[in-house]
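Chemist: Before anything else, here's the structure in question.
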Amino acid sequence: MQNRQRAASMKLDKIDIKILQAIQKNGRITKAKLSELVGLSVSPCFERLRRLERAGIVRRYLADIDIDRLFKSILMVVEFTLKDHTTASVLQFENAITKCREAIECHGVNGQIDYVVKFIFRDIEHYQDVMNYLIDLNVGIDKVTTYIVTKNVKRFGEYPIDDLTQDLDARR
């Protein structure tokens, strides 16, 4: 929570934005290349990056693994509706999903459903085992609707930071 508050109060300038854009494109960029790209010397550029990390804006660095080259898998998008929306029920469900390794994304939404969760499975039997396990946990699931992903049209690559911060100058 402290990092979130610190990040919310942190003032970002155009150089910070350039740093964020560069490292999300290439998390292994060298300090020298990054500083050249943003127009700063190495030391001040690296200090800015450290400040972004300490504020929790840069949370971690990841490798983009092409899972399809490793083995066959099935992506499924599953909608969950809960029986009730008490704090205890919500926390119980969210805790179960957080612990489920096959759940690779989870979003609480509003409307007719409560959560949209993206899962990865080996096969249909694996899917059924995990769904049965979640239901057997008795974490307040009322309804489950599953969609098999047949084609990935666009994978997440990077946030459009420049588009999201277009009015940065207007706010200052």
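By the working numbering, the letter at position 70 of the sequence shown is numbered 931, and the numbering carries on one by one without gaps. The beta-carbon is built from N, C-alpha and C at its ideal position, and this holds for glycine as well.
For A949 and V978, what's the separation of their Cα atoms in angstroms?
Modeler: In the sequence shown, counting from the first residue as 1, residue 949 sits at position 88. In the sequence shown, counting from the first residue as 1, residue 978 sits at position 117. Taking the straight line from one Cα to the other gives about 20 Å.
Chemist: How should C906 be labelled, buried or exposed, when 16 other C-beta atoms within 10 angstroms of its C-beta is the threshold for buried?
Modeler: In the sequence shown, counting from the first residue as 1, residue 906 sits at position 45. It counts as buried.
Chemist: Might you give, ordered along the chain, the residues of its own chain that have their beta carbon closer than 8 Å to the beta carbon of S902, omitting 5 neighbours on each side?
Modeler: Taking the first residue of the sequence shown as 1, we reach residue 902 at position 41. Once the five neighbours on either side are set aside, the close Cβ partners of S902 are S896.
Chemist: Just mark D920 as buried or exposed, buried being the case when its beta carbon has 16 or more other beta carbons within 10 Å.
Modeler: Locating residue 920 in the sequence shown gives position 59, counting from the first residue. A quick correction: the sequence has Arg, not Asp, at residue 920. Classification for R920: exposed.
Chemist: Which residues in the same chain as I985 place their Cβ atom closer than 8 Å to its Cβ, once the five residues preceding and following it in sequence are excluded?
Modeler: Walking along the sequence shown from the start, residue 985 turns up at place 124. Cβ neighbours of I985 beyond the five flanking positions: I935.
Chemist: Keeping to the same chain, check which residues put their C-beta closer than 8 Å to that of I1022; ignore five residues upstream and five downstream.
Modeler: In the sequence shown, counting from the first residue as 1, residue 1022 sits at position 161. Result list for I1022: I878, L881, Q882, Q885, in chain order.
Chemist: Determine, using beta carbons only, whether L910 comes closer than 9 Å to chain C.
Modeler: Absent from the structure: chain C. Only one protein chain is present.
Chemist: When burial is assigned at 16 or more other CB atoms within 10 Å of the CB, is L995 buried or exposed?
Modeler: As a position in the sequence shown, residue 995 is number 134, starting the count at 1. Its Cβ being crowded by 16 or more others within 10 Å, L995 is buried.
Chemist: Which residue marks the beginning of the beta strand (DSSP E) containing E940, and which one marks its end?
Modeler: Start at 1 with the first residue of the sequence shown, and residue 940 comes out as number 79. Per DSSP, E940 belongs to the beta strand (DSSP E) from 935 to 943.
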